[in-house]
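There are 2 protein chains.
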Amino acid sequence: MSTVNRLALIGCGLMGGSFARALRVACPALQVAAYSRSLASAQRAQVLGIADEVFSTAAAAVRGADLVLLAVPVTATEPTLRDMRAGLSADALVMDVGSTKRDVVAAARAALGTAVGQFLPAHPIAGKESGGIEQAEADLYQERRCILTPLPENPEGLVARAVAAWEAVGCSVVRMSAEQHDETFAAVSHLPHLLAFAYVNGVASQNAAARHLALAGPGFRDFSRIAAGTSAIWRDIFSANRDEVLAQLGQFESALTAMRAALQSGDDAAVARLVDAASAVRARWTLNGAPMPEDDPA
Amino acid sequence: MSTVNRLALIGCGLMGGSFARALRVACPALQVAAYSRSLASAQRAQVLGIADEVFSTAAAAVRGADLVLLAVPVTATEPTLRDMRAGLSADALVMDVGSTKRDVVAAARAALGTAVGQFLPAHPIAGKESGGIEQAEADLYQERRCILTPLPENPEGLVARAVAAWEAVGCSVVRMSAEQHDETFAAVSHLPHLLAFAYVNGVASQNAAARHLALAGPGFRDFSRIAAGTSAIWRDIFSANRDEVLAQLGQFESALTAMRAALQSGDDAAVARLVDAASAVRARWTLNGAPMPEDDPA
Chain A
626 MSTVNRLALI GCGLMGGSFA RALRVACPAL QVAAYSRSLA SAQRAQVLGI
676 ADEVFSTAAA AVRGADLVLL AVPVTATEPT LRDMRAGLSA DALVMDVGST
726 KRDVVAAARA ALGTAVGQFL PAHPIAGKES GGIEQAEADL YQERRCILTP
776 LPENPEGLVA RAVAAWEAVG CSVVRMSAEQ HDETFAAVSH LPHLLAFAYV
826 NGVASQNAAA RHLALAGPGF RDFSRIAAGT SAIWRDIFSA NRDEVLAQLG
876 QFESALTAMR AALQSGDDAA VARLVDAASA VRARWTLNGA PMPEDDPA
Chain B
626 MSTVNRLALI GCGLMGGSFA RALRVACPAL QVAAYSRSLA SAQRAQVLGI
676 ADEVFSTAAA AVRGADLVLL AVPVTATEPT LRDMRAGLSA DALVMDVGST
726 KRDVVAAARA ALGTAVGQFL PAHPIAGKES GGIEQAEADL YQERRCILTP
776 LPENPEGLVA RAVAAWEAVG CSVVRMSAEQ HDETFAAVSH LPHLLAFAYV
826 NGVASQNAAA RHLALAGPGF RDFSRIAAGT SAIWRDIFSA NRDEVLAQLG
876 QFESALTAMR AALQSGDDAA VARLVDAASA VRARWTLNGA PMPEDDPA
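So the sequences go chain by chain: A and B. Counting in the working numbering, the first sequence runs from 626 upward without gaps. Counting in the working numbering, the second sequence runs from 626 upward without gaps.
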């Protein structure tokens with residue numbers, strides 16, 4: 626890979642801190658400049674050896690950096706990019722780590738204008754139950770996928786630098802459009818969260834909720850685990866990806882309608898067919914077990 | 626506990642085999658008579674040391690037994706009880722292990738008539754991913770809950786023997802009505818399965834299904850795990866507990882409607898409130914972490 630000389634870490638939490646730690650391992654001469662809306666987090670990053678210098682503005686932090694990693698909540702993308710623009714070198718590569726991509730692209734266009742070609746949207750599929758700079762670790766991205774959704778304005782050389790950076794921290798890179806990204810993550814992440822939140826609310830609102838919850842077993846545990854997610858994250862994701870989440874909800878409701886119709890009419894053979902169809906798909910599936918399809922419909 | 630002298634194991638699979646293994650540990654002098662519709666399974670139980678004798682009819686197997694464990698698919702409850710009735714001792718306690726209880730009670734009334742007071746419906750909350758007599762193990766029921774739904778016809782002495790038997794194999798016993806049982810398991814087990822089956826079918830039916838599944842992560846893995854269940858089990862459970870499952874589906878749909886309305890109208894504050902409500906319930910919940918409520922609404 627082309628070595629990164631100076632990383633500007635904008636936002637000092639789990640995702641950014643882990644990226645900086647991992648990139649230090651790959652590029653031993655790396656200098657890391659940190660900025661965080663919370664000065665304490667940036668200072669903590671320095672104490673932990675994640676950052677070399679702390680700056681009080683994003684523009685100051687990005688000055689002279691060849692790589693800028695924006696690791697802030699997606700709703701902070703536009704103002705943060707605006708703040709940093711004055712300090713940005715013309716050859717700097719800027720990437721984010723957000724869970725949605727169409728809204729991030731729109732924010733980047735609004736904030737960077739003609740400089741938007743320097744911005745390459747990224748979504749590394751990694752995380753931990755608890756966030757914060759204290760949790761940052763160099764192997765967070767090892768053997769994970771990172772999705773890049775390049776813009777038409779991105780020079781291929783810039784995309785190659787982005788791929789090299791994510792590979793350096795341990796990811797395998799997948800390229801697709803922002804639309805494909807948002808559709809897929811609505812399907813496999815955002816909708817399941819929505820359903821899990823609604824399911825738990827449906828159980829908890831009943832008179833017998835205490836009995837139900839006392840007797841719930843391992844099936845409930847796994848099915849509802851993601852309902853422990855917080856609104857600090859999920860309000861913004863649902864809002865940013867609303868159209869795709871609603872479209873996926875429509876897909877789910879069609880499948881649920883078929884299931885209910887079979888059940889209500891006492892058509893056990895139809896119930897069995899629907900169960901078997903789902904079971905065959907799920908029993909075959911394993912985490913990171915399938916290659917990306919070559920012929921990928923948009 | 627009052628010792629069990631002779632156990633008749635009717636149905637030789639994971640649940641029954643594990644019960645026999647565990648009861649042998651608790652009652653070293655126990656004799657186990659086995660019957661299975663599949664003679665090979667009963668013979669295998671004998672080879673594995675789970676059963677002492679194998680019989681070719683249920684009536685012969687239950688002769689002289691003070692405890693009969695019916696561990697067959699719930700749809701086989703009525704014919705199997707009918708078959709065994711001629712051999713049943715007047716002081717024998719008969720229990721099942723089925724996942725639904727109202728249909729089992731109806732089957733027992735139909736099959737046993739005036740002898741139904743000997744039948745005590747049971748549902749031990751235990752299992753493994755793979756079934757069969759080969760998988761049977763003595764500790765399957767350790768630290769699990771077993772739900773008993775006694776009939777008005779059950780003498781209290783019989784209920785006490787049932788409690789003692791389940792405690793002997795490691796369970797803590799919870800008593801409730803068959804209606805409460807079926808409502809609760811519709812809420813915490815059957816509905817989540819139905820939703821997971823529908824969800825996977827909804828994802829798999831899309832043009833971009835291969836991309837979605839290739840990129841699905843740990844959230845998808847846990848949320849959809851129960852969709853790998855087979856129709857051999859779930860067709861019967863959904864059929865047996867149809868009314869309660871449909872009622873729980875109604876509860877879910879009310880909660881989902883609230884979620885969708887907030888999302889569609891762009892009311893981020895309402896979305897956040899609904900997410901926080903679910904998250905607070907789920908973050909507090911742990912497996913077997915809540916006591917059964919004292920004041921339990923029917």
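Cβ coordinates follow ideal geometry from the N, Cα and C atoms, glycine included. Every value quoted in this text rests on a predicted model; they were computed, and no experiment measured them.
- For LEU881 of chain A, DSSP records no beta bridge to any residue.
- ALA647 of chain B is not a Cβ neighbour of GLN760 of chain B, given a cutoff of 9 Å.
- By the CB criterion at 9 Å, TYR824 of chain A and PHE863 of chain A fall outside the cutoff.
- Across the structure, ARG898 of chain A and SER856 of chain B are spaced so that their CA atoms are roughly 8 Å apart.
- In the three-state reduction of the DSSP assignment, ARG769 of chain A falls in the coil class.
- Any Cβ of chain B closer than 9 Å to the Cβ of MET709 of chain A would place that residue at the interface, and such an atom is absent.
- As the crow flies, the alpha-carbon of THR682 of chain B is around 43 Å from that of GLY914 of chain B.
- The distance from the Cβ of ALA903 of chain A to that of ALA852 of chain B is about 5 Å, consistent with a contact at the 8 Å cut-off.
- Cβ-Cβ separation between ALA811 of chain B and GLN873 of chain B: approximately 4 Å, consistent with a contact (criterion under 8 Å).
- Taking 8 Å as the cut-off between beta carbons, the residues of the stretch 800-829 of chain A near chain B are MET801, GLN805, GLU808, THR809, PHE810, ALA812, VAL813, SER814, LEU816, PRO817, HIS818, LEU819, LEU820, ALA821, PHE822, ALA823, TYR824, VAL825, ASN826, GLY827, VAL828 and ALA829, in sequence order.
- When A:ALA895, A:ARG800 and A:ASP892 are compared, the shortest CA-CA separation from ARG836 of chain B is found for A:ARG800.
- Minimum Cα-Cα distance from LEU632 of chain B among the listed residues B:LEU673, B:ASN866 and B:LEU692 corresponds to B:LEU692.
- Chain A places no beta carbon closer than 9 Å to that of LEU639 of chain B, leaving this residue out of the contacts.
- Residues of chain B with a Cβ closer than 7 Å to the Cβ of TRP859 of chain A are, in chain order, VAL900.
- Of the other Cβ atoms in all chains shown, 16 or more fall within 10 Å of the Cβ of SER814 of chain B; this residue is therefore buried.
- For chain B, none of the residues of the stretch 656-690 of chain A brings a beta carbon within less than 9 Å of one of its beta carbons.
- Shown here, PHE744 of chain A sits in a strand according to DSSP, grouped into three states.
- Sequence-ordered contacts of the stretch 905-919 of chain A with chain B read VAL906, ARG907, ALA908, TRP910, LEU912, ALA915, PRO916, MET917 and PRO918 [C-beta pairs closer than 7 Å].
- In this chain, the beta strand (DSSP E) harbouring SER797 of chain B covers 797-800.
- Inside the stretch 827-893 of chain A, DSSP marks whole alpha helix (DSSP H) runs of 4 or more residues at positions 834-840, 843-849, 856-865 and 867-889, from first to last along the chain.
- The three-state secondary structure of MET917 of chain A, taken from DSSP, is coil.
- The beta carbon of ASP721 of chain B does not come within 9 Å of any beta carbon belonging to chain A, so the residue lies off that interface.
- For the C-beta of GLN889 of chain A, the chain B residues within less than 9 Å are, from N- to C-terminus, ARG867 and LEU871.
- Shortest Cα-Cα distance from LEU776 of chain B to any of B:LEU840, B:ALA651, B:LYS753 and B:LEU745 involves B:LEU745.
- Inter-residue distance for ALA793 of chain A and GLU762 of chain B is about 47 Å (C-alpha atoms, whole angstroms).
- Under DSSP, VAL679 of chain B takes part in a beta bridge, and its partners are B:ALA659.
- Taking 9 Å as the cut-off, the beta carbon of TRP859 of chain A is found closer than this to the beta carbon of HIS818 of chain A.
- Spatial neighbours of MET917 of chain A in its own chain (CB-CB distance under 7 Å, excluding positions within 5 residues in sequence) are listed in chain order as VAL799.
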